[in-house]
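Report on the structure given below.
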Amino acid sequence: MKNKMIESVHQVSTHRTPDLISLLLNDKRSDNTKRAYRYDINRFFTYMTGEEATSANVQEFLSLPKSKALEAVLIYKNFLITNEKQAESTINRRISAVRSLVRLAKMLGYCDYDLQEVKFERIQTYRDTTGIGLEQFKKMLKVPNRKTLKGKRDLSILLLLFETALRRGELTKIKLEDYQQESKNIWVLGKGRGTQKESITISTQVIGVINDYLSERRKKGKLTTADPLFATTDRRTFGSAMSGEAIRRIVRDCAYHAGIEKSMSPHKIRHSSITIALDKTNGDVRSVQKLSRHKKIDTLLIYDDNRKNQQGEITELLSSLI
Numbered sequence: 003m004k005n006k007m008i009e010s011v012h013q014v015s016t017h018r019t020p021d022l023i024s025l026l027l028n029d030k031r032s033d034n035t036k037r038a039y040r041y042d043i044n045r046f047f048t049y050m051t052g053e054e055a056t057s058a059n060v061q062e063f064l065s066l067p068k069s070k071a072l073e074a075v076l077i078y079k080n081f082l083i084t085n086e087k088q089a090e091s092t093i094n095r096r097i098s099a100v101r102s103l104v105r106l107a108k109m110l111g112y113c114d115y116d117l118q119e120v121k122f123e124r125i126q127t128y129r130d131t132t133g134i135g136l137e138q139f140k141k142m143l144k145v146p147n148r149k150t151l152k153g154k155r156d157l158s159i160l161l162l163l164f165e166t167a168l169r170r171g172e173l174t175k176i177k178l179e180d181y182q183q184e185s186k187n188i189w190v191l192g193k194g195r196g197t198q199k200e201s202i203t204i205s206t207q208v209i210g211v212i213n214d215y216l217s218e219r220r221k222k223g224k225l226t227t228a229d230p231l232f233a234t235t236d237r238r239t240f241g242s243a244m245s246g247e248a249i250r251r252i253v254r255d256c257a258y259h260a261g262i263e264k265s266m267s268p269h270k271i272r273h274s275s276i277t278i279a280l281d282k283t284n285g286d287v288r289s290v291q292k293l294s295r296h297k298k299i300d301t302l303l304i305y306d307d308n309r310k311n312q313q314g315e316i317t318e319l320l321s322s323l324i
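Structure, rendered in structure tokens:
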């Protein structure tokens with residue numbers, strides 16, 4: 003049963019609070035992150051008040067005593083678990099958005115508490131880090147038609163994703179000025195790096211297929227350094243930057259036509275690259291960390307543990323004793 007906010011609401015303060023949601027979102031660099039935060043905050047206020055977040059109901063919520071605010075969020079969390087049966091990661095994201103809003107309000111002096119007592123759900127990250135094997139990926143490379151502009155582009159994308167373990171969001175932001183074949187590197191906006199680009203070394207093989215693609219693309223018109231490295235090929239949006247969804251569809255379709263049953267995505271190619279690199283370097287997690295650009299070595303250890311499947315080995319050992 004929906005509450006019209008908690009019944010024992012303290013009187014709303016006479017002074018008006020600023021647009022805290024806008025202040026919170028303006029602190030986020032990614033448009034996707036901004037959309038996710040706004041969506042999650044609106045979901046909370048819609049559940050509690052029957053309408054999306056407004057200056058009035060945000061102020062009303064912040065005027066609650068700490069015990070009532072905690073109660074409201076715990077009721078909402080229980081609704082997500084029991085009624086909506088949301089996954090742990092979704093629950094954590096939605097609770098995190100509300101906690102961030104209240105934390106900002108506390109920092110600015112509009113309430114005197116935060117919601118740290120509302121705990122996140124425990125989740126097991128990186129459960130499936132295997133991706134696909136090298137031979138399966140080679141089959142994917144045979145799918146693009148290397149005689150067409152689209153095929154040359156798709157081949158370049160697949161190879162670059164695999165050889166550098168790029169994320170699709172990083173790939174979509176690469177411009178022609180970021181591609182420097184002479185020094186064999188590409189500059190990318192890495193995840194969580196803000197506006198600071200980082201240099202990624204690329205192979206001679208990738209340079210060859212990218213140059214082949216760009217040569218074909220130049221036949222359609224002049225290119226500038228501000229143009230995207232990988233662009234759309236359909237008539238309506240020709241030459242525009244590709245979306246992450248477009249990259250995902252390329253990977254999905256190539257995997258399907260290669261006869262791969264596993265559902266594939268750019269991130270699954272990233273998993274494949276890291277796992278295969280660990281295999282070929284005999285588990286050199288520190289070297290492979292340079293490829294993956296994971297900040298924490300512990301993440302690579304998860305990949306390495308999954309690759310070795312030590313639990314399975316011990317299970318087989320125990321089975322042999324019976």
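Residue numbers for the sequence shown follow the working numbering, beginning at 3 and rising by one.
Just so it is clear, CB atoms sit at the ideal spot from N, CA and C, and this is done for glycine as well.
request  = Give the DSSP-derived three-state secondary structure of A99 in the structure shown.
outcome  = Indexing the sequence shown from 1 puts residue 99 at position 97. In the three-state scheme derived from DSSP, where H, G and I count as helix and E and B as strand, A99 is classed as helix.
inquiry  = Among V120, M50 and S57, whose alpha-carbon lies nearest the alpha-carbon of K68?
reply    = Against the sequence shown, residue 68 aligns to sequence position 66. Ranking the options by Cα distance to K68, first place goes to V120.
ask   = What are the residues that DSSP puts in a beta bridge with N187?
value = Your numbering for residue 187 matches position 185 in the sequence shown. Note: N187 sits in a beta bridge opposite Q182 and T203.
query = Which residue from D214, A99 and G241 puts its Cα closest to that of T227?
reply = As a working mapping, residue 227 is identified with position 225 in the sequence shown. Nearest to T227 by C-alpha distance, out of D214, A99 and G241, is G241.
ask   = Does the beta-carbon of I252 have 16 or more other beta-carbons within 10 angstroms, so that it is buried, or is it exposed?
value = In the sequence shown, the residue the question calls residue 252 occupies position 250. Buried, by the Cβ-count rule.
task = Please report how far the alpha carbon of A260 lies from the alpha carbon of N147, in whole angstroms.
result = What you label residue 260 is simply residue 258 of the sequence shown in a count that begins at 1. What you label residue 147 is simply residue 145 of the sequence shown in a count that begins at 1. The C-alpha of A260 lies about 13 Å from the C-alpha of N147.
Backbone CA spacing between N308 and A107 [nearest angstrom] = Indexing the sequence shown from 1 puts residue 308 at position 306. Indexing the sequence shown from 1 puts residue 107 at position 105. Taking the straight line from one Cα to the other gives about 42 Å.
task = Kindly indicate which three-state DSSP category P67 falls into: helix, strand or coil?
result = As a first step, residue 67 is located in the sequence shown; it is residue number 65 there, counting from the start. Note: P67 maps to coil in three-state DSSP.
task = May I have the straight-line CA-CA distance separating T84 from A74, to the nearest angstrom?
result = As a position in the sequence shown, residue 84 is number 82, starting the count at 1. As a position in the sequence shown, residue 74 is number 72, starting the count at 1. Whole-angstrom Cα-Cα distance: 15 Å.
Candidates I249, G192 and E86: closest to K297 by CA position = Within the sequence shown, residue 297 is the residue found at index 295, counting from 1. Here the closest residue by C-alpha is G192.
query = By Cβ distance, which residues of its chain are closer than 7 Å to S10, with the 5 residues on each side in sequence left out?
reply = Walking along the sequence shown from the start, residue 10 turns up at place 8. Here S10 scores only 39 on pLDDT, less than 50, and its place in the model is too uncertain to base an answer on.
request  = Using beta-carbon positions only, say whether G26 and S102 come within less than 8 Å of one another.
outcome  = Reading the sequence shown from its first residue, position 24 is the one you call residue 26. Reading the sequence shown from its first residue, position 100 is the one you call residue 102. Here residue 26 is Leu; the residue named in the question, Gly, does not match the sequence. Yes, Cβ-Cβ distance for L26 and S102 is below 8 Å.
Unbroken stretches of the alpha helix (DSSP H), 4 residues or longer, contained in the segment 33-83 = Entirely contained in the segment 33-83, the alpha helix (DSSP H) runs reaching 4 residues are, in chain order, 33-51 and 57-64.
message = Can you look up A248 in the DSSP assignment and give me helix, strand or coil?
response = Within the sequence shown, numbered from 1, the residue matching residue 248 stands at position 246. Looking at A248 - three-state DSSP - the assignment turns out to be helix.
task = Report yes if the CB atom of R105 is closer than 8 Å to the CB atom of D116, and no otherwise.
result = For this step, residue 105 is matched to residue 103 along the sequence shown. For this step, residue 116 is matched to residue 114 along the sequence shown. Less than 8 Å divides the Cβ of R105 from the Cβ of D116.
Length of the line joining the Cα atoms of L173 and C256 = As a working note, residue 173 is residue 171 in the sequence shown. As a working note, residue 256 is residue 254 in the sequence shown. L173 and C256: Cα-Cα distance of roughly 18 Å.
inquiry  = Tell me the residue span of the alpha helix (DSSP H) that contains I304.
reply    = Residue numbering aside, residue 304 sits at position 302 when the sequence shown is read from its first letter. Residues I299 to K310.
inquiry  = Can you find the residues in the same chain that come closer than 6 Å, C-beta to C-beta, to E137, ignoring five residues on each side of it along the sequence?
reply    = Counting from one through the sequence shown, the residue named residue 137 turns up at place 135. Within its own chain, no residue has a Cβ closer than 6 Å to the Cβ of E137 once the five positions on either side in sequence are excluded.
task = Just tell me which of K152, I43, K282 and Y112 has its CA closest to the CA of L64.
result = Your numbering for residue 64 matches position 62 in the sequence shown. Just measuring C-alpha positions, the residue of K152, I43, K282 and Y112 sitting nearest L64 is Y112.
ask   = What span of residues does the alpha helix (DSSP H) with M142 cover, start to end?
value = What you label residue 142 is simply residue 140 of the sequence shown in a count that begins at 1. L136 to L143 is the extent of the alpha helix (DSSP H) around M142.
message = Does the contact criterion of 3 or more C-beta pairs under 8 Å hold for the segment 156-176 versus the segment 298-317?
response = Flag = no, the segment 156-176 and the segment 298-317 do not touch.
ask   = Are the CB atoms of M244 and R254 nearer to each other than 8 Å?
value = Along the sequence shown, one-based indexing puts residue 244 at 242. Along the sequence shown, one-based indexing puts residue 254 at 252. It is not a contact, given that the beta carbons lie outside the stated cut-off.
ask   = E200 and V190 look like a contact to me (Cβ under 8 Å); what is the Cβ gap, rounded to whole Å?
value = Taking the sequence shown and counting its residues from 1, the one referred to as residue 200 is at position 198. Taking the sequence shown and counting its residues from 1, the one referred to as residue 190 is at position 188. About 6 Å separates the CB atoms of E200 and V190; that is less than 8 Å, so the two are in contact.
task = May I have a chain-ordered list of the alpha helix (DSSP H) segments no shorter than 4 residues that lie completely inside the segment 144-170?
result = Listed in chain order, the complete alpha helix (DSSP H) runs (minimum 4 residues) inside the segment 144-170 are 151-166.
query = Which residue or residues does DSSP assign as beta-bridge partners of A243?
reply = For this step, residue 243 is matched to residue 241 along the sequence shown. Answer is A233, bridged to A243.
message = Let's see if you can read the secondary structure: which residues bound the alpha helix (DSSP H) around K193?
response = Here residue 193 corresponds to residue number 191 of the sequence shown, with the count starting at 1. No alpha helix (DSSP H) contains K193, which DSSP labels as neither H nor E.
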